[in-house]
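Participant: Residue numbers for the sequence shown follow my numbering, so the first one is 68 and each next one is one higher. Backbone N, C-alpha and C define an ideal beta-carbon position, used for all residues, glycine too.
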Amino acid sequence: MLLWLVCTYLSLVTASVDDARLDDNGTFKVFRVVPTTEVQLQKMITMFETAKGDDADFWHAPSVVNSTIDVMVSPSFTEKFSNFLKEHGYPFQIAIEDLKKKVHLLLLLSSGSNRICSRMLIEKEGPIKMNVKGVSGKDMVRMHDDTGSFVCRLRMGEYYSYSTIVAWMKRIADRMPQIASVVDIGTSTEGRSIIGLRFGRDTPDKKIVVIDAGIHAREWAAVHTGMYFINTMVNGRETDPKVQSYLENLVIYIFPVLNPDGYEYTRNDRTNPRARMWRKSRSAKACAFDGISNACCQGVDLNRNFDFRFAEIGASRYPCSEIYHGSKAFSEPESRAFSNFLLGLKGRLEGYITLHSYSQLWIYSYSHRKFTYAPDIDDTRRVAAKAVAELGKMYGTKYRHGTGPEIICMLSRYNHDHESRYSSPIFADAFSGGSTDWAKEKLKVKYSYTIELRPAYEGVKVWQDTGYGARKQTMLLSGLLLVCCSQQLTRSKVEATASYF
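Take a look at the structure:
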């Protein structure tokens with residue numbers, strides 16, 4: 068049995084802060100820092116654990132010497148932070164000079180695309196002609212419908228509203244009922260339907276694979292990757308042997324936006340970078356005494372809300388933390404709806420993949436404790452190793468695979484019971500309450516993976532288009548490319564499909 072996924076998009080992982088207001092008199096900057104000694108690393112870890120979130124938001128936490136750390140710094144803290152780096156000899160660069168301007172530009176471009184897509188253009192058109200700095204025509208890609216006409220335009224680096232994504236999926240199902248159908252698994256806190264697509268005829272003898280993205284609101288690249296996988300399935304249904312094999316032998320569900328409320332929140336405030344960097348859901352405010360005051364904040368980290376060793380480690384009981392686990396397991400309508408959906412597939416669910424960004428990691432169970440594995444770890448590890456190796460051959464990428472504690476290797480001495488008001492241990496080396504560990508433990512899903520997509524090209528370019536050779540990569544490798552997880556796939560079919568790559 069073999070399961071592997073190749074993801075090709077730039078991405079952003081950021082920190083979330085509740086409804087803080089932007090200082091219009093200054094600019095938020097993103098520093099890219101590289102600790103080159105253990106002393107520098109420890110100093111940065113200390114700042115990571117103790118700095119006010121309003122001062123310095125760590126997009127990529129300190130982990131090992133010579134690894135890059137991306138930090139968003141507020142206008143009032145910029146001089147102090149810069150002086151700190153110089154005083155202690157850190158190599159650094161300012162990766163984004165004015166984050167507010169980048170946010171505004173990105174959302175402006177996206178809103179234009181959504182106006183186009185909302186009209187659901189289906190007439191055939193010639194080559195795309197858009198004056199976009201740094202993007203050539205060959206890097207422009209569109210989504211197609213059943214006739215080869217354009218349902219809506221998709222440019223690398225543009226991101227669409229949830230309503231546009233849902234309309235697009237419904238149109239695919241309407242026009243291609245023989246291969247696709249809409250799945251509605253429940254509603255979000257704010258009343259949005261959580262929509263996905265099912266590919267393949269659902270018969271009891273077929274194994275099932277489920278893919279989700281966007282459980283963390285800010286991770287737009289994961290959403291983008293999910294949409295490209297849908298596009299690949301649609302466009303390859305008649306001509307691509309691998310897609311035809313999927314449709315014949317498997318049932319595949321994909322949910323490109325599992326956290327629709329949070330995703331929409333990240334898109335709707337052009338003046339506040341912190342809104343773009345929201346991570347959690349948008350559930351009602353909860354309050355807790357944090358040692359200083361009774362602090363109240365909105366939202367729950369949905370990937371800490373599953374009933375796998377809930378609230379045990381690597382999650383916070385404080386609502387203002389971006390890794391707040393919620394009042395109880397499955398307290399949130401989004402995680403509850405998704406878990407109920409997966410429970411209904413128990414016994415047939417062979418593969419589950421959740422897409423995140425951006426660390427080039429291929430993570431398997433379990434993440435709550437180092438050197439703790441599922442009984443079938445050899446199979447799980449073998450598949451991950453093969454996928455990582457293939458990625459390296461194709462693109463020179465350096466993904467790492469392992470359990471969370473093995474490969475994230477955060478050196479923080481974070482103590483869950485004594486979390487300070489401003490500590491933000493996003494990338495602690497162990498965490499519980501995650502969806503893939505829950506699926507592995509509770510549903511016995513054989514291939515359960517968290518994929519952290521590849522980082523930005525030549526620094527942080529998340530606010531610009533990402534069209535570096537994108538057409539070739541995305542159409543070939545923009546989602547789950549090979550799933551061989553049932554005995555009905557003969558060895559010859561597996562080898563024929565694998566040879567495609």
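Can you tell me the Cα-Cα spacing of residue 381 and residue 306, whole angstroms?
Facilitator: Each residue's Cα considered, the two are about 46 Å apart.
Participant: So which of 326, 514, 383 and 388 has the shortest CA-CA distance to residue 445?
Facilitator: That would be 514, whose Cα lies nearest to the Cα of residue 445.
Participant: Go ahead and pull the three-state DSSP assignment for residue 393.
Facilitator: Of the three classes helix, strand and coil, the one that applies to residue 393 here is coil, per DSSP.
Participant: Suppose the cutoff is 8 Å on Cβ atoms and the five residues either side in sequence are ignored; what does the same chain contact list for residue 304 look like?
Facilitator: Closer than 8 Å at Cβ, skipping near neighbours: 243, 246, 310, 311 and 314.
Participant: In whole angstroms, what is the alpha-carbon distance linking residue 255 and residue 438?
Facilitator: C-alpha separation (whole angstroms): 36 Å.
Participant: Among the residues of its own chain, which have a CB less than 6 Å from the CB of residue 456, if the five just before and after it don't count?
Facilitator: Hits under 6 Å: none found.
Participant: Checking 8 Å against the spacing of the C-beta atoms, do residue 277 and residue 419 come in under that value?
Facilitator: Closer than 8 Å, so yes.
Participant: So the beta strand (DSSP E) residue 101 belongs to, where does it begin and stop?
Facilitator: First-last for residue 101: undefined, no H or E at that position.
Participant: Pick from 258, 330, 344 and 251: whose alpha carbon is nearest that of residue 14?
Facilitator: Since the first and last residues shown for the chain are 68 and 568, residue 14 lies out of range.
Participant: Does DSSP classify residue 212 as helix, strand or coil?
Facilitator: Low per-residue confidence applies at residue 212: pLDDT is 38, beneath 50, and the placement is therefore not dependable, though the value from the model is reported in the following sentence. In the structure shown, residue 212 sits in coil (DSSP, three-state: anything other than H, G, I, E or B).
Participant: If you compare alpha carbons, which of 404, 164, 517 and 367 is closest to residue 252?
Facilitator: The candidate whose alpha carbon is nearest that of residue 252 is 404.
Participant: Which complete beta strand (DSSP E) runs does the stretch 350-429 hold, if anything under 3 residues is left out?
Facilitator: For the stretch 350-429, whole beta strand (DSSP E) runs of length 3 or above, ordered along the chain, are 353-356, 361-364 and 416-424.
Participant: Quick check on residue 125: does DSSP put it in helix, strand or coil?
Facilitator: Note: residue 125 maps to strand in three-state DSSP.
Participant: I'd like to know if residue 399 contacts chain D, where contact means its C-beta is closer than 8 Å to some C-beta of that chain.
Facilitator: The question asks about chain D, but that chain is absent: this structure has only one protein chain.
Participant: What's the call for residue 409, buried or exposed, on a 16-neighbour Cβ count within 10 Å?
Facilitator: Counting Cβ neighbours within 10 Å, residue 409 comes out buried, since at least 16 surround it.
Participant: Jot down the residue ranges of each uninterrupted beta strand (DSSP E) in the stretch 209-297, minimum 3 residues, whole runs only, in chain order.
Facilitator: Whole beta strand (DSSP E) segments, 3+ residues: 217-222, 247-254, 260-266 and 274-280.
Participant: Tell me whether the stretch 96-107 and the stretch 152-171 touch, counting them as touching only if at least three CB pairs, one residue from each stretch, are closer than 8 Å.
Facilitator: Contact between the stretch 96-107 and the stretch 152-171 is present, because at least three Cβ pairs lie under 8 Å.
Participant: Within this structure, are the beta carbons of residue 394 and residue 498 separated by less than 8 Å?
Facilitator: The answer is no: Cβ separation not under 8 Å.
Participant: At which residues does the beta strand (DSSP E) containing residue 467 begin and terminate?
Facilitator: Residues 467-469.
Participant: Beta strand (DSSP E) containing residue 138: first to last residue?
Facilitator: Per DSSP, residue 138 belongs to the beta strand (DSSP E) from 136-140.
Participant: DSSP beta-bridge partners for residue 161?
Facilitator: The partner list for residue 161 (beta bridge, DSSP) reads 98.
Participant: Between which two residues does the beta strand (DSSP E) containing residue 317 stretch?
Facilitator: Element bounds for residue 317: 317-322.
Participant: Check residue 133 in the structure and name its three-state DSSP category.
Facilitator: It is coil, neither helix nor strand.
Participant: Quick check on the DSSP output: the alpha helix (DSSP H) that includes residue 502 runs from which residue to which?
Facilitator: Residues 502-510.
Participant: Who does residue 518 pair with in a DSSP beta bridge?
Facilitator: 422 and 429.
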